[in-house]
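Residue numbers (the working numbering): 4 to 254.
Beta carbons: idealized from backbone N, C-alpha and C, even for Gly.
These numbers come from a predicted model, not from an experiment.
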Ligand SMILES: [Zn+2]
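Right under this line is the structure:
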């Protein structure tokens, strides 16, 4: 005699769900009736616990008191529908996995492009950590931003010193950040430019104070005049006087 194996709770639930918690013989539903699992091909005829051999049945139908049994055709049709559904799910899963792989490959290609750029300039390639960092930057700033920032970083920080390669690398995300801030506020870009002149030229130049002052007062049309001021005044106090004159506000 064939051995009856217990049907797991999970499998029972899968069968009920698939059959919409409805007895497949009489059409009555939980909670009106108690639902059980019936073997289409009975266990005594070597019917298995394969989900295709399991069907939702109310207690009455399962005990032979129900209205009718399913015809062979009905069973076949049900099984075909199930198979079709399973295949559809499998196809969708395959597409999903493929799509994820493609995204992953695409991300790798972008990292390779940045690496090529750095390699050409410095002769160095990414370490594993560097590679994964670069991938993160691209994710947060976008490829174009990272690539352009890498170009800027090479131009500004690469020299014959060994350390400069590390600096070039470390500055890329900071440049990305700054560029994005500047895009949000083009005035800030000009203000930073002016303060850089101040820092390079003027003794006792108070960069923080100047920046705060300009953020408050600066308009794009002031730029040419201010650039003239920043490049020609002799010291910070003289510059301060000119600024106070121009904006009628104390620095
Ligand atoms: Zn029933």
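Quickly, what does DSSP pair residue i with across the bridge? List them, please.
{"i": "residue 60", "result": "39"}
{"i": "residue 223", "result": "For residue 223, which the question treats as bridged, DSSP gives no partner whatsoever."}
{"i": "residue 174", "result": "None; residue 174 has no bridge partner."}
{"i": "residue 25", "result": "32"}
For the candidate residues the options, whose alpha-carbon lies nearest to that of residue i?
{"i": "residue 133", "options": "172, 200, 52 and 35", "result": "172"}
{"i": "residue 230", "options": "62, 246 and 159", "result": "246"}
{"i": "residue 223", "options": "192, 237 and 239", "result": "192"}
{"i": "residue 78", "options": "188, 43, 110 and 63", "result": "43"}
{"i": "residue 203", "options": "67, 238 and 116", "result": "238"}
{"i": "residue 63", "options": "26, 48, 74 and 83", "result": "26"}
{"i": "residue 152", "options": "135, 118, 37 and 34", "result": "118"}
{"i": "residue 249", "options": "225, 240 and 234", "result": "225"}
{"i": "residue 15", "options": "33, 135 and 40", "result": "40"}
{"i": "residue 269", "options": "149, 164 and 54", "result": "The requested residue 269 is not part of the displayed model; the chain covers only 4 to 254."}
{"i": "residue 10", "options": "54, 33 and 100", "result": "54"}
{"i": "residue 85", "options": "18, 98, 101 and 188", "result": "18"}
{"i": "residue 143", "options": "183, 126 and 167", "result": "183"}
{"i": "residue 168", "options": "121, 74, 135 and 93", "result": "121"}
{"i": "residue 29", "options": "138, 187 and 61", "result": "61"}
By Cβ distance below 7 Å, which residues in the same chain neighbour residue i in space, the five residues on each side in sequence not counted?
{"i": "residue 213", "result": "198 and 201"}
{"i": "residue 253", "result": "247"}
Which residue comes first and which comes last in the alpha helix (DSSP H) that contains residue i?
{"i": "residue 219", "result": "210 to 220"}
{"i": "residue 191", "result": "189 to 204"}
{"i": "residue 153", "result": "146 to 160"}
{"i": "residue 117", "result": "75 to 125"}
{"i": "residue 248", "result": "239 to 250"}
Whole angstroms are fine: how far does the CA of residue j sit from the CA of residue i?
{"i": "residue 124", "j": "residue 90", "result": "51 Å"}
{"i": "residue 236", "j": "residue 106", "result": "55 Å"}
{"i": "residue 158", "j": "residue 110", "result": "25 Å"}
{"i": "residue 95", "j": "residue 87", "result": "12 Å"}
{"i": "residue 47", "j": "residue 81", "result": "22 Å"}
Tell me which residues share the same chain as residue i and place their Cβ nearer than 8 Å to its Cβ, disregarding the 5 neighbours each side in the sequence.
{"i": "residue 145", "result": "none"}
{"i": "residue 141", "result": "110, 113, 114, 117 and 149"}
{"i": "residue 221", "result": "190, 193, 194 and 229"}
At a Cβ threshold of 8 Å, is residue i touching chain D?
{"i": "residue 164", "result": "No chain D appears in this structure, which consists of one protein chain only."}
Using C-beta distances below 6 Å, list every residue in its chain close to residue i, excluding the 5 sequence neighbours before and after it, in chain order.
{"i": "residue 8", "result": "52"}
{"i": "residue 156", "result": "171, 174, 175 and 178"}
{"i": "residue 216", "result": "254"}
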